[in-house]
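Below is one structure, written out as structure tokens; comments come after it.
Set out below in structure tokens:
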């Protein structure tokens with residue numbers, strides 16, 4: 001049970017996570033727009049100008065870090081689509097004597113219907129009617145798509161997969177209300193191992209079909225519409241209702257949302273008649289500048305509603321990002337089709353080991369390379385490393401023209417025990433990747449020409465995100481020393497007057513609250 005360790009500095013903490021947002025983006029926007037809502041947040045609080053996300057810089061470990069205080073080795077979460085050498089594949093019903101090893105896919109693939117914004121709930125009047133979506137999205141997950149625990153022979157739900165508790169669970173144990181809005185029903189993981197940390201979890205499916213065709217990420221205007229549903233949910237919560245505005249519940253102690261608009265404006269070459277991504281000098285291009293302005297408008301609406309409801313004096317806002325996006329410099333982009341690289345690795349392994357199957361059990365390659373292997377021996381992991389570092393090839397650049405690469409686009413490869421050591425995990429840990437490849441800056445693994453940025457890697461463009469803590473009892477200062485987004489979790493509890501040591505990851509990693517908040 002969490003215990004009050006001090007008088008709370010806030011009755012409420014509102015966390016806003018803006019996927020893709022870099023510290024450089026925030027600095028650029030607030031300098032250009034000193035009267036903006038984002039600039040006001042910075043002026044009224046503490047800005048940490050050298051904050052970094054965990055590695056891998058994916059949405060799942062990034063968000064989990066913010067609400068647990070832990071990195072992947074502690075939380076057990078390396079990616080939203082990963083692999084576990086100690087579980088059984090989805091759909092397994094007879095668990096005795098089965099070979100272990102299973103994909104752990106906690107993406108939109110778990111939805112009852114991933115083409116529908118309500119994840120298959122069956123609501124009328126979609127997409128606008130999505131605010132009526134359940135606050136318990138676990139009920140929308142397909143159990144047959146979940147990995148299976150060999151001990152119980154039961155599906156492993158996302159919250160059960162998380163190895164440590166969350167700020168939502170600690171706050172709820174202390175009798176406080178909790179809420180959150182995110183992009184997939186699989187964000188049930190934020191409920192934590194108890195499965196019940198969040199009273200009201202709103203998760204409209206971002207990869208569902210938008211009315212204009214494609215999903216909500218293929219057109220930036222659609223992404224704004226999508227994010228707008230989550231903004232409305234937060235406004236309803238500020239007004240003292242649940243996200244759907246059907247039940248009066250009181251304002252949550254811990255709540256907030258994730259924005260996708262900046263991320264799609266960084267990834268799309270163009271949308272809505274405007275160039276996406278960054279200009280040659282590394283500043284936001286037209287689409288991204290508009291996306292930043294749109295997010296600023298939503299922040300303005302949220303802060304205005306706090307004032308209208310008399311909550312501004314009791315609410316601290318924390319602004320950050322799950323991850324950045326790479327590359328910021330368009331000329332650095334090298335798109336590489338990873339399919340032939342992995343096929344070549346498997347072919348070489350089979351040729352060297354007659355009768356063997358494929359070496360790669362599972363791969364995740366965005367602007368990073370994560371491989372889980374069927375053979376985890378030192379000889380096998382070294383074989384994979386040596387093969388990949390020996391591969392040259394030709395990708396394509398920002399202009400779509402051929403662009404050569406060497407070493408499979410990788411600058412450093414950690415394999416076997418070295419990969420586990422990189423993450424601080426025990427050698428042979430069932431969750432840790434067998435190979436972790438740090439990509440050259442600008443490398444994006446994709447078979448097409450449509451994507452101009454990605455995340456997941458270890459480059460500064462992936463990890464250097466903003467971090468602002470803003471509120472009436474927060475002093476105005478700029479902290480230039482390095483901090484980590486894992487420090488958000490103990491900071492939330494500290495602000496609420498709860499003991500951050502109630503977080504298991506904080507105890508493991510000794511994660512401190514952010515300087516100036518304790």
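Numbering (our numbering), first residue to last: 1 to 518. Glycine residues also receive a C-beta, built at the ideal position from the N, C-alpha and C atoms.
- Put simply, of 427, 61 and 43 the residue whose alpha carbon is nearest the alpha carbon of residue 486 is 61.
- Between residue 474 and residue 254, the gap from beta carbon to beta carbon reaches 8 Å or more.
- With a minimum length of 4 residues, the unbroken runs of alpha helix (DSSP H) contained wholly in the stretch 151-220 fall at 158-161 and 167-173.
- Bridge partners of residue 413 according to DSSP: 437.
- The stretch 121-135 and the stretch 71-84 do not touch, with fewer than 3 CB-CB distances between them shorter than 8 Å.
- Uninterrupted beta strand (DSSP E) stretches at least 3 residues long and entirely within the stretch 214-298 occur at 254-259, given in chain order.
- Boundaries of the alpha helix (DSSP H) harbouring residue 382: 378-389, taken from the DSSP string.
- The distance from the Cβ of residue 66 to that of residue 488 is about 4 Å, consistent with a contact at the 8 Å cut-off.
- Its chain contains 199, 249, 250, 252 and 253 as the residues whose beta carbon lies nearer than 7 Å to that of residue 177, once the 5 sequence neighbours on both sides are disregarded; these appear in chain order.
- In the DSSP assignment, residue 488 falls within the unbroken alpha helix (DSSP H) covering 488-495.
- Per DSSP, reduced to three states, the secondary structure at residue 346 is helical.
- For residue 404, there is no enclosing alpha helix (DSSP H); the enclosing beta strand (DSSP E) covers residues 402-405.
- Close CB contacts of residue 26 within its chain, under the 7 Å cut and outside five residues either way in sequence, are with 38 and 466 (chain order).
- Going by C-alpha positions, residue 88 is about 34 Å away from residue 451.
- Checking the DSSP bridge columns, you'll see residue 314 has no partner listed.
- Comparing alpha-carbon positions, the option among 401, 308, 131 and 283 lying closest to residue 243 turns out to be 131.
- Here residue 371 carries a strand assignment [DSSP, helix/strand/coil].
- Burial is judged here by how many other beta carbons sit within 10 angstroms of a residue's own beta carbon; residue 172 has at least 16 and is buried.
- Judged by their CB atoms, residue 468 and residue 135 are not nearer to each other than the 8 Å cut-off.
- Around the C-beta of residue 408, 16 or more other C-beta atoms lie within 10 Å, and the residue is accordingly described as buried.
- Assigned with DSSP and collapsed to three states, residue 421 falls in helix.
- In this structure, DSSP gives residue 52 an extended state, which the three-state scheme calls strand.
- Assigned with DSSP and collapsed to three states, residue 301 falls in helix.
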